[in-house]
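Numbering (our numbering) for the sequence shown: -3 to 432. Encoded as structure tokens, the structure appears first; notes follow it.
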Amino acid sequence: MGRTDGMNMILITILLGQAGAADKKEECPSGHYTTDGECCKQCPPGEGVVKPCGATQTECAPCLDSETFSENFSHAERCRPCTKCTGLFRMETPCTDANDATCVCNYDLYLNKLSQRCEPCTKCPVGRGMLLSCELDHDTVCEDCGAGDTYSDQESSHEPCIPCSSCDEGEEVQLQACTAVTNTVCQDQYPVVSPTAFTEPTYVDFPIDDPPSDGPTDGGATDAAATTAAADDRDRDSHERISKSLNHKLIPVYCSVLAAVVVGLVAFIIFKKWNSCKQNKQQANNCASNQNQTPSPEGEKLHSDSGISVDSQSLQEQLGQTQTHTVVTMDEDPGLLLPLQTRDKVEQLLFNGGRGGDGSAEDDWRNLAGLLGYEEERVAAFRQEQRPVRALLSDWAGKDGASVDALRAALRKINRDDVAQSLAPAPAKPTATSVV
């Protein structure tokens, strides 16, 4: 009887152990086990499987930011390559180690849900205005203008129907009513008439009368001739008075114009002289500073107690070469010092678009602006500038955290390694020789 009870206890213990092991297996999130019965570990988002679970436990490794990603907990999923936004697509959100890049259609394009292709936004014709603007997922929706209330006189995908103008009652008269394609035409009810320009009187030459004959003359003809001569004299005197009056009024105008020209010339000459003197003074200061750094005679060495001698002539030549290297800044931030040639090259490469030629000329710098934290409205403002790339970089240089390293990292994220490499610092040249 005692032996039977002992066997029952052993059997119960074995059953309880198996039940506990089954409970542990049910708690395994991956649902897979090693050959030793251990639950396979899952790699978290941002990490991928390097060695799958089997004889040994799962081995994970971080994904490379902007290159590979892993979105899920998994014991078998490896890091996947990031999606590249090419062609008519642009990048809306960049690829991270835990999320893939999000691609959307370029500006002025939308994604057709039927063909799954980017197509140009529809422009509303004359007489119709925009009801719903073109977005990433739908085309422009237009509405008819008219009914004497609104009109549209241009083809556009952004402009809605414009309200018609109304003539001021009592001050203006309506010449043409508002239609779907034209606005109301109004005119002042009492237009101001400009005074007529002065016109010189016209003189007519009359033939000289023949000398009177010795015989008797008609008294009426003599009186008419005298009256005509008197009228001609009055007209001639009036013309002379008007001409003198105009001359007296025009003389001050001529004098004022001449004085303004003289003052402008004097101011221009003074400015040129001042600018020339300023440049000469700067050159003199530069020469004085260079003379203060004049090296010792040729072949002379600068010795120190450390046993190291410096060739002063070689050092002076290298310092001169360094001084002649023009450096410009995008802003006051010393972390963004770039040579003039490098800055122009960066602008040219970004404004010319991708090296593959499959994107528009503006895609790269717009994508760069998005990575640097600019909204679409700010990007549109840069687009209105004469040199949008320079305006973007100059504005960003004034922000906290702006640096060449950050700019190079953003360029790599938009697949412009060629521009990023052009920002790499040049290797330093030796400036001294040492003799032990």
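The C-beta atom is built at its ideal place from N, Cα and C for all residues, glycine as well.
Item                                                                                                                     : Value
Enclosing beta strand (DSSP E) for D184 [first to last residue]                                                          : V181 to D184
Coarse secondary structure for V137, derived from DSSP in three states                                                   : strand
Near the ligand MN: R113 beta-carbon under 6 Å from a heavy atom                                                         : With respect to the ligand MN, the structure offers nothing, as it holds no ligand at all.
Sub-7 Å separation of C130 and D145 beta-carbons                                                                         : no
Contact belief for F69 with C91 at Cβ below 8 Å, rounded distance in angstroms                                           : Their Cβ separation, rounded to whole angstroms, is 19 Å, which puts F69 and C91 out of contact at 8 Å.
Same chain, Cβ closer than 8 Å to E73, neighbours up to 5 away in sequence not counted                                   : C39, G44, V45 and S66
C251, buried or exposed, once every other Cβ within 10 Å from all chains shown has been counted against 16               : exposed
Nearest-angstrom Cα separation, counted from Q150 out to N179                                                            : 12 Å
Coil, strand or helix - L105 by DSSP                                                                                     : strand
CA nearest to the CA of A51, picked from E63, P58, C36 and S62                                                           : C36
Residues of its chain near V363, where Cβ-Cβ distance is below 7 Å and the 5 sequence neighbours each way are ignored    : The question names Val, but residue 363 is Asn in the sequence shown. Counting only Cβ-Cβ distances below 7 Å, and skipping sequence neighbours, we find R86, M87 and I410.
Three-state secondary structure (DSSP) of T98                                                                            : strand
Span of the alpha helix (DSSP H) around F378                                                                             : E372 to R379
Per-residue DSSP class, three states only, for R232                                                                      : helix
K47 in three-state terms, based on DSSP                                                                                  : strand
Proximal residues to E55 (C-beta, below 8 Å), its chain only, five neighbours per side dropped                           : V45, V46 and K47
Buried or exposed by the 16-neighbour rule on C-beta atoms within 10 Å, applied to G33                                   : exposed
Of the residues G123, D133 and V122, the one placed nearest S111, counting alpha carbons only                            : D133
Cβ-Cβ separation, C114 to T136 (assumed contact under 8 Å), whole Å                                                      : About 14 Å separates the two Cβ atoms, so there is no contact after all.
Rounded C-alpha distance that separates F267 from Q278                                                                   : 17 Å
Nearest neighbour of C163, chosen from P156, A176, T175 and Q183 [CA to CA]                                              : Q183
In chain order, each beta strand (DSSP E) run of at least 3 residues that lies wholly inside the region 25 to 70         : 43 to 47 and 55 to 58
Cα-Cα separation between D104 and V181, rounded to whole angstroms                                                       : 34 Å
Spatially closest choice to Y106 from Y29, P121, S153 and A143, by CA coordinates                                        : S153
Nearest to S148 (by Cα), restricted to the options R379, D359, L127 and D401                                             : L127
Inter-residue spacing [alpha-carbon to alpha-carbon] between G369 and D359                                               : 16 Å
Cut-off 6 Å between Cβ atoms - residues of its own chain near L345, not counting five sequence neighbours on either side : V415
Classification of D413 by the beta-carbon crowding that lies within 10 angstroms, buried from 16 upward                  : exposed
Alpha-carbon spacing of K274 relative to F264, whole angstroms                                                           : 15 Å
Pairwise C-alpha distance: A176 and P121                                                                                 : 11 Å
Backbone secondary structure at Q344 - three-state DSSP                                                                  : helix
Separation of R408 from K269, as counted between CA atoms                                                                : 49 Å
Inter-residue spacing [alpha-carbon to alpha-carbon] between D340 and L389                                               : 12 Å
Expected contact under 8 Å - CB spacing of A97 and C81 to nearest Å                                                      : 6 Å
Nearest-angstrom Cα separation, counted from V169 out to M326                                                            : Bear in mind that a pLDDT of 47 at M326, under 50, signals an unreliable position, so the model cannot answer this.
Environment of P187 [buried if 16+ CB atoms lie within 10 Å]                                                             : exposed
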